Amino acid sequence: MTIARTVMIGERTVSRVGLGTNRLTDTRANRELLRAAAEAGVQMIDTAHLYTGGESERTIGAVLPELGEDVVVATKGGYREARPDNLRAELEQSFASLGIDRIELYYLHRIDPEVPLEESLGVIAEYRDQGRIAHVGVSKVTVEEIERAREVVPIVAVQNEYNLAAREYDDVISYCEREGIVFVPYYPLRGGSPALGELAAKYDATPEQIKIAWLLRRSPAMLPIPGTLSADHVRENVAALDIELSDEDYERL
């Protein structure tokens, strides 16, 4: 089975292994990490308004002009509170921190139990209608919630936890695959298997590469975003695109 190396986000084609930046702070080394990631072929950089108190977005913004037009930055807002006024404030801060006028992919980070989903997404839809957001995603959602979201605004990406140990969103993955929505698993490297070490040796790979290869094989809609502060690990993660697990080894995991 040949594994697709790219996936479509709206009209953009991106490599299927991205970079998570929830620990990224504004240091010279981390700016260099972002440059190295782009050079290695990473085309999806995932961040959020709250990551490292805003430093993640600011660090990305500082080097974004150097990364090339192929790199898509996705960010998120509304993690703790998704009232319209709070979302607008976080959105405007994200524009300023990233140094851009248009965000390619913006997620509602969490559904606020105190605010109707339609109300929160209505604000994001306004920015999309103005051309300031290109595409919209949602995070930690069920199929029913995705369908409600799509009544408000087109949804191109869903970000839920999924890995070897956490597989509760199989139905969401199937839905996304069927509907042409990208599924972005967070915490993609968590979990393990007794077979990991053996398979890593068999494929001349690291256990982490095997985990990524398993995710890529799980669905063509999958776009893992493993987080790291190591350029070497970024290159290893991207190299997982070259690993094609056999049917038997995929089933073992």
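In terms of my numbering, the sequence shown opens at residue 117 and continues consecutively.
Glycine residues also receive a C-beta, built at the ideal position from the N, C-alpha and C atoms.
Please read these numbers as outputs of a predicted model, since none were measured by experiment.
Can you find the residues in the same chain that come closer than 8 angstroms, C-beta to C-beta, to glutamate 242, ignoring five residues on each side of it along the sequence?
Indexing the sequence shown from 1 puts residue 242 at position 126. Contacts found: none.
DSSP three-state label for proline 323, please.
Counted from its first residue, the sequence shown places residue 323 at position 207. In the structure shown, proline 323 sits in a helix (DSSP, three-state: H, G or I).
Counting along the chain, where does the beta strand (DSSP E) carrying leucine 224 start and finish?
As a first step, residue 224 must be located in the sequence shown, where it is residue number 108. Leucine 224 -> beta strand (DSSP E) spans 219-224.
Considering glycine 193, what are the terminal residues of the beta strand (DSSP E) in which it resides?
As a working note, residue 193 is residue 77 in the sequence shown. Glycine 193 -> beta strand (DSSP E) spans 188-193.
Taking all protein chains shown into account, decide if glycine 184 is buried (16 or more other Cβ within 10 angstroms of its Cβ) or exposed.
As a first step, residue 184 must be located in the sequence shown, where it is residue number 68. Label assigned to glycine 184: exposed.
Beta strand (DSSP E) runs wholly inside the region 265-305, at least 3 long, in chain order
The qualifying runs are 273-277 and 298-302.
Residue from Thr122, Leu135, Ile227 and His251 with nearest C-alpha to isoleucine 161
Along the sequence shown, read from residue 1 onward, the residue named residue 161 stands at position 45. Of the listed residues, the one whose Cα sits closest to isoleucine 161 is Leu135.
Residue closest to aspartate 217, alpha-carbon to alpha-carbon, out of Val189, Pro270, Val300 and Gly313:
Numbered from its first residue, the sequence shown carries residue 217 at position 101. Checked all of Val189, Pro270, Val300 and Gly313; the closest Cα to aspartate 217 is Val189.
Please report the distance separating the alpha-carbon of proline 342 from that of glycine 215.
Within the sequence shown, residue 342 is the residue found at index 226, counting from 1. Within the sequence shown, residue 215 is the residue found at index 99, counting from 1. Whole-angstrom Cα-Cα distance: 24 angstroms.
Are the region 332-349 and the region 122-133 in contact at 8 angstroms, needing three or more beta carbon pairs?
yes
Proline 181 to glutamate 364 span [Cα, whole Å]
As a working note, residue 181 is residue 65 in the sequence shown. As a working note, residue 364 is residue 248 in the sequence shown. For proline 181 and glutamate 364, the distance between alpha carbons rounds to 44 angstroms.
Express the C-alpha separation of glycine 247 and alanine 355 in angstroms, rounding to a whole number.
Here residue 355 is taken as the residue at index 239 of the sequence shown, counted from 1. Here residue 247 is taken as the residue at index 131 of the sequence shown, counted from 1. Going from the Cα of alanine 355 to the Cα of glycine 247 covers about 35 angstroms.
Status (buried if at least 16 other CB within 10 Å, exposed otherwise) for serine 68:
There is no way to answer for residue 68, as the model of the chain reaches only from 117 to 369.
Would the region 272-280 count as touching the region 219-239 if we require 3 or more Cβ pairs under 8 angstroms?
Segments in contact, yes.
When DSSP labels each residue in this structure, what does histidine 165 get in the three-state scheme?
Sequence index remark: in the sequence shown, residue 165 carries index 49 (1-based). If DSSP states are grouped into helix, strand and coil, histidine 165 belongs with coil.
Name, in chain order, the residues that DSSP records as bridge partners for serine 255.
Locating residue 255 in the sequence shown gives position 139, where the first residue counts as 1. Gln275.
Can you tell me the Cβ-Cβ gap for arginine 226 and tyrosine 195, rounded? I've got them flagged as a contact below 8 angstroms.
Position 110 of the sequence shown, counted from the start, is the residue given in the question as residue 226. Position 79 of the sequence shown, counted from the start, is the residue given in the question as residue 195. The pair is a contact, with the Cβ atoms about 5 angstroms apart (cut-off 8 angstroms).
Let's see if you can read the secondary structure: which residues bound the beta strand (DSSP E) around serine 131?
Taking the sequence shown and counting its residues from 1, one reaches residue 131 at position 15. Unbroken beta strand (DSSP E) run through serine 131: 128-131.
Run through the DSSP bridge pairs and tell me what leucine 135 is partnered with.
As a first step, residue 135 is located in the sequence shown; it is residue number 19 there, counting from the start. Leucine 135 pairs with Ile161.
Spatial neighbours of serine 255 within its chain, please: CB distance less than 6 angstroms, with the 5 preceding and 5 following residues excluded, ordered by chain position.
Walking along the sequence shown from the start, residue 255 turns up at place 139. Hits under 6 angstroms: Tyr223, His225 and Gln275.
Distance, valine 269 Cα to glutamate 206 Cα:
The sequence position of residue 206 within the sequence shown is 90, counting from 1. The sequence position of residue 269 within the sequence shown is 153, counting from 1. Roughly 19 angstroms separates the two Cα atoms.
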